[in-house]
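Under UniProt numbering, the sequence shown has 108 at position 108, and the numbering climbs by one with no breaks.
Structure, as structure tokens:
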Amino acid sequence: MNPLTQIKNTQKATRREIEAGISDSASWHARFKHSAYIFAGGLDYDLTEGDLLAVFAQYGEVVDMNLIRNKDTGKSMGFAFVAYEDQRSTVVAVDNLNGAKVAGRTIRVEHVDNYKKRKAELEGEDPNAVDDGEEENGARGEESVGAAAAAGERRLGGPPARGRSPPPAARSAAPSSEPWAGSGSIFALLEEARQLESAKQ
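Right, here's the structure in full:
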């Protein structure tokens, strides 16, 4: 289905719920209450993790951001996964950012039912090879509604996925006593992005 059609359908469903006064537990968003991840597609290729943080942090505290980049060139593929500390923030972000214009482009923001499977699909890997028993943030169940594209990005922090090389040494440093200084934190990711940007210049 065309991404703009998906955006309009999601907006219609949300509008109908508001008009009907449907409670949170009966909302279509309740199907994703186990997952704090959202998918953002249609992003401008020049946006960085810091830019995305500025946009998505308006709706809650971002605890993980994975801007998918091309393995060979390191350039953004135009989509990302974002995790919030509070799952309810995903509902607010989907309702407010789906169909919004960011950097001149209409973006699509949707819930992710199973982050590992969804990420594997987008990276061209076998989504059935993902072990559901080890899901992050309690995510489980079926695939999310969304885009399919070939992408290449390894999970920041944590162990490498099957069949991939381990992350660079900078990411596997000993954990800090401060949670925001750990190798998988958004701040470490932003610092790495700054270093990459300065290395390009």
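Backbone N, C-alpha and C fix where the C-beta goes; we use that ideal spot for every residue, glycine too.
> Among the residues of its own chain, which have a CB less than 8 Å from the CB of Gly42, if the five just before and after it don't count?
Replying inline: Looking up residue 42 in the sequence shown gives position 42. Around Gly42: Pro3, Gly78, Phe79, Arg105, Thr106, Ile107 and Arg108.
> Leu47 lies in the beta strand (DSSP E); which residues open and close that run?
Replying inline: Along the sequence shown, one-based indexing puts residue 47 at 47. Here Leu47 belongs to no beta strand (DSSP E), and DSSP marks it neither H nor E.
> Going by C-alpha distance, which of Ala193, Gln201, Asp95 and Glu192 is nearest Ala40?
Replying inline: Taking the sequence shown and counting its residues from 1, one reaches residue 40 at position 40. Looking at the Cα atoms, Asp95 is the closest of the given residues.
> Cβ atoms of Asn66 and Val55: under 9 Å apart, would you say?
Replying inline: Here residue 55 corresponds to residue number 55 of the sequence shown, with the count starting at 1. Here residue 66 corresponds to residue number 66 of the sequence shown, with the count starting at 1. Contact: no.
> In or out: Pro168 buried (at least 16 other Cβ within 10 Å) or exposed?
Replying inline: Indexing the sequence shown from 1 puts residue 168 at position 168. Note that Pro168 scores a pLDDT of 45, beneath 50, so its modelled location is shaky and nothing firm can be said.
>> Can you tell me which residues form a DSSP beta bridge with Asn66?
In response: What you label residue 66 is simply residue 66 of the sequence shown in a count that begins at 1. DSSP lists Phe81 as partners of Asn66.
> Is Ile38 helix, strand or coil when you go by DSSP?
Replying inline: Translated into the one-based positions of the sequence shown, residue 38 becomes position 38. Residue state, collapsed to three classes: strand.
>> My output table needs one value for Thr5: the three-state DSSP class, helix, strand or coil.
In response: Here residue 5 corresponds to residue number 5 of the sequence shown, with the count starting at 1. The answer is helix: DSSP assigns Thr5 an H, G or I state.
> So, helix, strand or coil for Glu191, using DSSP?
Replying inline: Residue numbering aside, residue 191 sits at position 191 when the sequence shown is read from its first letter. Reduced to three states, the DSSP call for Glu191 is helix.
> Which one of Arg16, Asn114, Ser35 and Glu197 has the shortest CA to CA distance from Arg88?
Replying inline: Taking the sequence shown and counting its residues from 1, one reaches residue 88 at position 88. Minimum Cα distance to Arg88 is reached at Ser35.
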